[in-house]
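In what follows, a single structure is set out as structure tokens and then discussed.
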Amino acid sequence: MPQSADQIKDHIPLFKEPEYQEMFARKKAAFENCHADARVAEIADWTKSWDYREKNLAREALVVNPQKACQPLGALFAAAGFDGTLGYVHGSQGCAAYFRSHLSRHFKEASSVVSDSMTEDAAVFGGLNNMVEGLANAYTLYKPKMIAVCTTCMAEVIGDDLQAFIATAKQKGSVPEGFRVPYAHTPSFVGSHTTGYDNMMKGILSAFWEGKTRTPNESINIIPGFDGYSVGNVRELKRVLKLMDVDATILSDTSDVYDTPTDGEFRMYAGGTTEEEAIGALNAKATLSLSGGCTPQTLKYIEEQGQETVAFTYPMGLGATDDFLMTLSRLTGKPIPKDLAMERGRLVDAIADSMSWLHGKKFAVYGDPDFTYAMVRFLMEMGAEPTHVLCTNTTKKWEADIAELLASSPFGASAQVWPGRDLWHLRSILATEPADFLIGNSYGKYIEKDLGIPLIRLTFPIFDRHHHHRFPTMFYQGGLRVLVTILDKVFDHLDASSDISFDLTR
Amino acid sequence: MSLDYKNDSDLAKEAIAEALDAYPEKAAKKRKKHLGTIDVTEEGTSCGVKSNVKSVPGVMTIRGCAYAGSKGVCWGPIKDMVHISHGPVGCGQYSWSQRRNYYNGTTGVDSFVTMQITSDFQEKDIVFGGDKILEKMIDEAKELFPLARGFSVQSECPIGLIGDDIEAVARKKAKDVGLPVIPVRCEGFRGVSQSLGHHIANDTVRDWVFTRENTEVFESTPYDVNIIGDYNIGGDAWSSRILLEEIGLRVIAQWTGDSTLAEMERAPKAKINLIHCYRSMNYICRHMEEKYNIPWMEYNFFGPSQIEKSLRKIAAHFDETIQANAERVIAKYRPMADAIIAKFRPRLEGKKVLLYVGGLRPRHTATAYEDLGMQIVGAGYEFAHNDDYQRTTEYMKDGTLIFDDVTGAELETFIEKLRPDLVGSGIKEKYSVQKMGVPFRQMHSWDYSGPYHGYDGFAVFARDMDMAINNPVWSMHKAPWLQAAAE
Numbered sequence: 001m002p003q004s005a006d007q008i009k010d011h012i013p014l015f016k017e018p019e020y021q022e023m024f025a026r027k028k029a030a031f032e033n034c035h036a037d038a039r040v041a042e043i044a045d046w047t048k049s050w051d052y053r054e055k056n057l058a059r060e061a062l063v064v065n066p067q068k069a070c071q072p073l074g075a076l077f078a079a080a081g082f083d084g085t086l087g088y089v090h091g092s093q094g095c096a097a098y099f100r101s102h103l104s105r106h107f108k109e110a111s112s113v114v115s116d117s118m119t120e121d122a123a124v125f126g127g128l129n130n131m132v133e134g135l136a137n138a139y140t141l142y143k144p145k146m147i148a149v150c151t152t153c154m155a156e157v158i159g160d161d162l163q164a165f166i167a168t169a170k171q172k173g174s175v176p177e178g179f180r181v182p183y184a185h186t187p188s189f190v191g192s193h194t195t196g197y198d199n200m201m202k203g204i205l206s207a208f209w210e211g212k213t214r215t216p217n218e219s220i221n222i223i224p225g226f227d228g229y230s231v232g233n234v235r236e237l238k239r240v241l242k243l244m245d246v247d248a249t250i251l252s253d254t255s256d257v258y259d260t261p262t263d264g265e266f267r268m269y270a271g272g273t274t275e276e277e278a279i280g281a282l283n284a285k286a287t288l289s290l291s292g293g294c295t296p297q298t299l300k301y302i303e304e305q306g307q308e309t310v311a312f313t314y315p316m317g318l319g320a321t322d323d324f325l326m327t328l329s330r331l332t333g334k335p336i337p338k339d340l341a342m343e344r345g346r347l348v349d350a351i352a353d354s355m356s357w358l359h360g361k362k363f364a365v366y367g368d369p370d371f372t373y374a375m376v377r378f379l380m381e382m383g384a385e386p387t388h389v390l391c392t393n394t395t396k397k398w399e400a401d402i403a404e405l406l407a408s409s410p411f412g413a414s415a416q417v418w419p420g421r422d423l424w425h426l427r428s429i430l431a432t433e434p435a436d437f438l439i440g441n442s443y444g445k446y447i448e449k450d451l452g453i454p455l456i457r458l459t460f461p462i463f464d465r466h467h468h469h470r471f472p473t474m475f476y477q478g479g480l481r482v483l484v485t486i487l488d489k490v491f492d493h494l495d496a497s498s499d500i501s502f503d504l505t506r
Numbered sequence: 001m002s003l004d005y006k007n008d009s010d011l012a013k014e015a016i017a018e019a020l021d022a023y024p025e026k027a028a029k030k031r032k033k034h035l036g037t038i039d040v041t042e043e044g045t046s047c048g049v050k051s052n053v054k055s056v057p058g059v060m061t062i063r064g065c066a067y068a069g070s071k072g073v074c075w076g077p078i079k080d081m082v083h084i085s086h087g088p089v090g091c092g093q094y095s096w097s098q099r100r101n102y103y104n105g106t107t108g109v110d111s112f113v114t115m116q117i118t119s120d121f122q123e124k125d126i127v128f129g130g131d132k133i134l135e136k137m138i139d140e141a142k143e144l145f146p147l148a149r150g151f152s153v154q155s156e157c158p159i160g161l162i163g164d165d166i167e168a169v170a171r172k173k174a175k176d177v178g179l180p181v182i183p184v185r186c187e188g189f190r191g192v193s194q195s196l197g198h199h200i201a202n203d204t205v206r207d208w209v210f211t212r213e214n215t216e217v218f219e220s221t222p223y224d225v226n227i228i229g230d231y232n233i234g235g236d237a238w239s240s241r242i243l244l245e246e247i248g249l250r251v252i253a254q255w256t257g258d259s260t261l262a263e264m265e266r267a268p269k270a271k272i273n274l275i276h277c278y279r280s281m282n283y284i285c286r287h288m289e290e291k292y293n294i295p296w297m298e299y300n301f302f303g304p305s306q307i308e309k310s311l312r313k314i315a316a317h318f319d320e321t322i323q324a325n326a327e328r329v330i331a332k333y334r335p336m337a338d339a340i341i342a343k344f345r346p347r348l349e350g351k352k353v354l355l356y357v358g359g360l361r362p363r364h365t366a367t368a369y370e371d372l373g374m375q376i377v378g379a380g381y382e383f384a385h386n387d388d389y390q391r392t393t394e395y396m397k398d399g400t401l402i403f404d405d406v407t408g409a410e411l412e413t414f415i416e417k418l419r420p421d422l423v424g425s426g427i428k429e430k431y432s433v434q435k436m437g438v439p440f441r442q443m444h445s446w447d448y449s450g451p452y453h454g455y456d457g458f459a460v461f462a463r464d465m466d467m468a469i470n471n472p473v474w475s476m477h478k479a480p481w482l483q484a485a486a487e
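Residue numbers (the UniProt record's numbering), protein chains in the order written: chain A, 1 to 506; chain B, 1 to 487.
Shown next as structure tokens:
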């Protein structure tokens with residue numbers, strides 16, 4: 001008997017016990033009708049061959065292990081960063097369950113979102129009644145300061161008109177006339193979660209700014225973008241802004257929303273950009289987007305209001321942080337303080353201390369456009385070589401930008417760029433042209449297991465490691481954290497594979 | 001060793017009143033029908049809640065959709081088939097690898113459970129339809145996954161709205177590739193919860209798997225059984241199967257955790273269907289009973305009391321050898337189960353539990369908690385039907401709070417009011433409950449632990465409930481200076 005009260009075995013050791021191993025063998029031999037082991041081994045080898053790679057890369061319709069989510073996820077993330085805002089999904093309720101679960105699994109936090117539960121009848125007659133009833137119930141039950149509505153693909157396919165529906169719901173008294181119900185159409189069959197972020201951000205700013213006249217002042221707005229590290233990064237951003245003595249408004253601040261304490265009280269709403277801040281943001285001199293790939297429409301809208309806008313690509317590492325700080329300094333007229341120069345020096349110091357373990361190491365990187373861009377840039381700054389860069393939710397802009405970036409450094413010379421590809425492609429690519437390390441998210445663990453290429457988790461979603469999002473990856477301090485994360489994996493891997501060279505000091 | 005206790009039905013009724021108070025009138029009226037208490041009278045036991053109807057819009061239902069019920073629950077675990085999430089990228093992405101349906105096999109080669117395979121619909125596919133793409137996908141999947149035994153097409157919302165004919169594609173491609181292609185109309189807007197997705201998945205097994213010519217040469221024995229409705233979460237089906245084998249039965253099919261297409265096809269050759277998750281797979285059992293004359297029985301492998309009862313009930317369908325084996329197996333495991341109880345019961349005695357899960361587990365796990373001396377004070381289901389609530393009354397004690405399709409706000413009120421020592425529910429509920437300082441276990445995924453079925457699983461279950469409740473963190477959530485100020 002494998003189990004005992006003294007030593008309780010859960011699934012990890014239990015199924016290695018002979019009783020279970022024998023049972024598996026019996027099931028397989030007698031009942032599964034599985035292919036012969038030799039045949040499975042043969043095909044397994046073939047899936048790692050050049051022949052397979054060519055067939056795999058020739059796929060036109062099948063998508064396997066893609067690296068993107070759908071629009072509403074990004075829309076709800078953007079909405080969550082505004083004070084007292086309840087995300088509202090117009091369409092099928094199952095989608096809301098999925099978005100909430102997805103965010104909760106990454107942040108280890110509640111994600112409060114309602115849906116108006118459209119079913120067959122709504123598919124035929126439209127979801128107006130659901131909206132009228134849903135807004136009224138959500139407003140009364142959850143007492144939000146604002147309800148941000150996005151759509152599922154069901155509502156999009158049948159062509160529900162959010163503007164008209166919300167207006168009708170207001171007329172019918174679902175919510176008070178003056179109550180803000182920003183909205184965004186977020187069809188899942190267009191773009192990805194980053195598109196949804198953009199659409200909702202534009203929708204929310206429009207709701208705050210509509211009918212108002214801009215009186216320009218010297219303040220700055222900053223939009224963080226869809227970022228799994230938003231908790232750590234927005235807090236780090238605030239610290240940097242304080243050091244710079246810059247008064248900035250963060251538009252969609254999820255740092256407290258996805259990091260609430262356990263102290264006996266569940267805070268359904270926590271932190272976020274306030275109404276006053278969001279309205280005041282219209283008057284800002286400029287808006288900086290930390291993740292331009294998440295905000296093209298939003299920045300366009302902001303420019304139309306008369307502000308200067310600057311788009312960054314996830315300021316991680318030295319050069320990207322330098323650019324951000326110098327831009328901030330130019331816009332505000334405030335000098336970059338000595339403290340930040342010291343921090344920069346410390347990051348350079350750390351890289352100098354460790355560069356020999358990174359120089360020339362080959363990295364495969366995948367993820368959202370801005371993350372991959374930033375990661376590649378930072379790797380090259382450290383003398384590492386990005387050899388494969390893969391992005392499922394690619395854009396033409398990303399393709400041009402990443403090509404230019406890689407061309408700017410000798411460390412980018414061996415890189416291959418894989419726009420619009422998925423992780424099953426990457427598996428073939430790495431099986432035939434391996435890298436030393438893989439940088440991505442939790443989904444990369446399947447490639448790590450299949451090919452033995454160590455995975456470094458540095459982007460959303462991270463389900464199987466805890467609390468990474470509480471620490472920054474952006475700016476100099478975040479760069480240090482990213483450096484250490486990479487180094488830890490490099491050293492762990494080195495120790496695990498060392499025999500003679502099992503050195504105490506490295 | 002059933003515990004004898006009564007819950008405070010007045011407190012439960014107060015909690016219901018308080019929860020309903022928060023709603024607008026119309027919603028309160030609707031929700032009132034879904035909240036009740038177990039009422040034990042001389043005429044019998046009832047809970048009187050309404051179920052399996054549409055969720056109220058805007059209230060934060062915890063339910064999912066038909067796709068989740070079909071792809072996520074029933075079809076997804078069948079390991080040697082490629083399950084295509086047909087439509088936009090999201091559904092497959094969010095459900096990717098989240099059910100913990102364990103399996104043996106080589107992923108991407110002869111097994112495909114933990115892969116997200118999707119048509120990733122773009123706008124043009126909505127406009128022009130996805131049938132052509134689906135055809136091409138099946139060809140490409142056949143080429144890249146040559147060991148796959150078949151394909152299923154799990155429809156997402158747009159499929160049913162744009163008039164695609166996935167059945168026609170399935171018939172055509174099945175011929176082309178010489179493998180079964182199963183079209184499943186599990187669009188998320190169908191029905192009121194995951195439940196219709198289970199039903200649709202069952203129906204597609206009936207219509208598209210059982211109708212295929214089965215040329216397998218299979219020698220039956222009088223001891224052939226199927227495990228139905230065990231998805232092998234954290235290995236549950238395995239820690240169940242081992243017991244059935246030990247009492248001398250031959251499990252010829254395991255649905256659908258760690259299952260293969262062959263096991264699906266072979267099921268009608270069994271002597272009896274043993275069904276664990278009644279809610280999600282009773283349909284196919286009824287069909288097999290009607291068409292193949294195979295009886296079915298429900299069993300419950302949570303906790304020693306129910307395991308013993310179930311083993312005897314199962315054995316009663318067979319001869320004396322099996323019955324004697326069952327007694328032997330019960331006797332063999334009893335000392336271990338007793339040792340587990342002796343170890344954990346003193347730490348868990350009298351602890352109050354509130355459960356909100358799917359359509360089966362609250363009633364099925366109730367006795368396992370009671371085996372450990374714990375008491376169920378509240379229980380609810382996301383997608384149970386009337387027959388589930390009827391079955392629930394057998395398990396729950398007088399005065400237990402019962403809630404159907406609970407909303408986020410109601411659950412918070414119930415927890416505040418009843419102050420359970422442990423809440424068992426899902427990932428969406430986990431963190432809000434823990435913030436309130438209340439211990440929590442995910443009871444869909446076993447909180448990344450398991451198995452919980454069978455004797456081996458009970459040990460893990462007991463350990464996990466103990467660690468959830470008795471971890472020192474729950475005594476630390478109040479800052480001492482604030483606590484002192486409050487006192």
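Beta carbons are placed, not taken as given, at the ideal position from N, Cα and C, and that holds for glycine.
**OP:** Count the other C-beta atoms from every protein chain shown that fall within 10 angstroms of the C-beta of H425 of chain A, then say buried if there are 16 or more, exposed otherwise.
**Re:** Reading the first sequence from its first residue, position 425 is the one you call residue 425 of chain A. Buried, since its Cβ has 16 or more Cβ neighbours within 10 Å.
Original post:
Taking all protein chains shown into account, do 16 or more other C-beta atoms lie within 10 angstroms of the C-beta of R185 of chain B, making it buried, or fewer, making it exposed?
Top reply: Walking along the second sequence from the start, residue 185 of chain B turns up at place 185. The residue is buried, with at least 16 neighbouring Cβ atoms inside 10 Å.
Subject >> Rounded straight-line distance, which links the Cα of I456 of chain A to that of K397 of chain A >> reply: Locating residue 397 of chain A in the first sequence gives position 397, where the first residue counts as 1. Locating residue 456 of chain A in the first sequence gives position 456, where the first residue counts as 1. So the alpha carbons of these two residues sit roughly 26 Å apart.
Subject >> Reference E60 of chain A, options B:R212, B:E213, B:K136 and B:E14, closest by Cα >> reply: As a working note, residue 60 of chain A is residue 60 in the first sequence. With distances taken between Cα atoms, E60 of chain A lies closest to B:K136.
Original post:
Expressed to the nearest angstrom, what Euclidean distance is found between the alpha-carbon atoms of F24 of chain A and H35 of chain A?
Top reply: Locating residue 24 of chain A in the first sequence gives position 24, counting from the first residue. Locating residue 35 of chain A in the first sequence gives position 35, counting from the first residue. Answer to the nearest angstrom: the Cα atoms are 15 Å apart.
Original post:
Per DSSP, what kind of secondary structure is T313 of chain A in: helix, strand or coil?
Top reply: Taking the first sequence and counting its residues from 1, the one referred to as residue 313 of chain A is at position 313. The answer is strand: DSSP assigns T313 of chain A an E or B state.
**OP:** Compare the C-beta of M23 of chain A with all C-beta atoms of chain B and state if any pair is closer than 8 Å.
**Re:** Taking the first sequence and counting its residues from 1, the one referred to as residue 23 of chain A is at position 23. Interface residue, yes.
Subject >> Expected contact under 8 Å - CB spacing of N56 of chain A and S192 of chain A to nearest Å >> reply: Taking the first sequence and counting its residues from 1, one reaches residue 56 of chain A at position 56. Taking the first sequence and counting its residues from 1, one reaches residue 192 of chain A at position 192. Going by Cβ atoms, the distance from N56 of chain A to S192 of chain A rounds to 22 Å, so no, they are not a contact pair.
**OP:** Could you list the residues in the segment 154 to 173 of chain A with a C-beta less than 7 Å from some C-beta on chain B, going in chain order?
**Re:** M154, V157 and I158
Subject >> Residues within the segment 105 to 124 of chain A neighbouring chain B, beta-carbon criterion of under 9 Å >> reply: R105, F107, K108, E109, A110, S111, S112, V113, V114, S115, D116, S117, M118, T119, E120, D121, A122 and A123
Subject >> Sequence-distant residues of its chain with Cβ nearer than 6 Å to H317 of chain B (five each side left out) >> reply: In the second sequence, residue 317 of chain B corresponds to position 317, counting from 1. Counting only Cβ-Cβ distances below 6 Å, and skipping sequence neighbours, we find I272.
Subject >> Closest residue to E361 of chain A among A:T309, A:I453, A:M342 and A:P315 (Cα-Cα distance) >> reply: In the first sequence, residue 361 of chain A corresponds to position 361, counting from 1. One point to set straight first is that residue 361 of chain A is Lys, not Glu, in the sequence displayed. Taking only the C-alpha atoms, the option nearest K361 of chain A is A:I453.
**OP:** Starting from the beta carbon of E265 of chain A, find every residue of chain B whose beta carbon is closer than 9 Å, and list them in chain order.
**Re:** In the first sequence, the residue the question calls residue 265 of chain A occupies position 265. K435, M436 and G437, listed in chain order.
Original post:
If you draw a straight line from the alpha carbon of D10 of chain A to that of S449 of chain B, how long is it in whole angstroms?
Top reply: Here residue 10 of chain A refers to the residue found at position 10 when the first sequence is read from its first residue. Here residue 449 of chain B refers to the residue found at position 449 when the second sequence is read from its first residue. Their Cα atoms are separated by approximately 7 Å.
Original post:
Does DSSP classify G90 of chain B as helix, strand or coil?
Top reply: Here residue 90 of chain B is taken as the residue at index 90 of the second sequence, counted from 1. Here G90 of chain B sits in helix by DSSP.
Original post:
So with Cβ pairs under 8 Å, would you call M115 of chain B a contact of chain A?
Top reply: The residue labelled residue 115 of chain B in the question sits at position 115 within the second sequence. M115 of chain B counts as touching chain A.
**OP:** Could you pull out every residue in the same chain whose Cβ sits closer than 6 Å to the Cβ of E177 of chain A, ignoring the five residues on either side in sequence?
**Re:** For the purposes of this step, residue 177 of chain A is taken as the residue at position 177 of the first sequence. Taken in chain order, the residues that qualify are K170.
**OP:** Could you tell me how far apart the beta carbons of V109 of chain B and L147 of chain B are, in whole angstroms, since I believe they sit closer than 8 Å?
**Re:** The residue labelled residue 109 of chain B in the question sits at position 109 within the second sequence. The residue labelled residue 147 of chain B in the question sits at position 147 within the second sequence. Correct: roughly 6 Å between the Cβ atoms.
Subject >> R465 of chain A burial status per 10 Å Cβ neighbour count (16 or more: buried) >> reply: The count along the first sequence starts at 1 and reaches residue 465 of chain A at position 465. With fewer than 16 other Cβ atoms within 10 Å, it is exposed.
Subject >> Counterpart residues of Q305 of chain A in DSSP-defined beta bridges >> reply: By one-based count along the first sequence, residue 305 of chain A stands at place 305. According to DSSP, which records beta bridges pairwise, Q305 of chain A is partnered with nothing at all.
**OP:** State the DSSP-derived secondary structure class of T37 of chain B, mapped to helix, strand or coil.
**Re:** The sequence position of residue 37 of chain B within the second sequence is 37, counting from 1. Strand.
Subject >> Cα-Cα separation between E54 of chain A and D436 of chain A, rounded to whole angstroms >> reply: Within the first sequence, residue 54 of chain A is the residue found at index 54, counting from 1. Within the first sequence, residue 436 of chain A is the residue found at index 436, counting from 1. So the alpha carbons of these two residues sit roughly 22 Å apart.
Subject >> Start and end residues, alpha helix (DSSP H) containing D495 of chain A >> reply: Numbered from its first residue, the first sequence carries residue 495 of chain A at position 495. F475 to A496 is the extent of the alpha helix (DSSP H) around D495 of chain A.
**OP:** Rounded to whole angstroms, what's the CA-CA distance from A315 of chain B to Y223 of chain B? Just pull it up for me.
**Re:** Walking along the second sequence from the start, residue 315 of chain B turns up at place 315. Walking along the second sequence from the start, residue 223 of chain B turns up at place 223. If you take the alpha carbons of A315 of chain B and Y223 of chain B, they lie about 10 Å apart.
**OP:** Check each residue of the segment 148 to 179 of chain B: if its Cβ is closer than 7 Å to any Cβ of chain A, include it; give the result in chain order.
**Re:** C157, P158, L161 and I162
Original post:
Roughly how far, in whole angstroms, is the beta-carbon of Y23 of chain B from the beta-carbon of T140 of chain A, given that I think they are within contact range, below 8 Å?
Top reply: Locating residue 23 of chain B in the second sequence gives position 23, where the first residue counts as 1. Locating residue 140 of chain A in the first sequence gives position 140, where the first residue counts as 1. Rounded, the Cβ-Cβ distance is 7 Å, consistent with contact.
Subject >> Beta-ladder partner(s) of Y142 of chain A, from DSSP >> reply: By 1-based counting over the first sequence, the position of residue 142 of chain A is 142. Bridge partners of Y142 of chain A: none, in fact.
**OP:** Just confirm the distance between the C-beta atoms of N52 of chain B and P77 of chain B, as a whole number of angstroms; I'd bet it's less than 8 Å.
**Re:** Taking the second sequence and counting its residues from 1, one reaches residue 52 of chain B at position 52. Taking the second sequence and counting its residues from 1, one reaches residue 77 of chain B at position 77. About 24 Å; that fails the 8 Å criterion.
Subject >> Runs of alpha helix (DSSP H) wholly within the segment 6 to 57 of chain B (minimum 4 residues, chain order) >> reply: 9 to 21 and 25 to 32
Original post:
Mind checking whether K79 of chain B and T260 of chain B have CB atoms under 8 Å apart?
Top reply: On the second sequence, position 79 is the one that residue 79 of chain B refers to. On the second sequence, position 260 is the one that residue 260 of chain B refers to. Yes; because the gap between Cβ atoms is below 8 Å, this pair is in contact.
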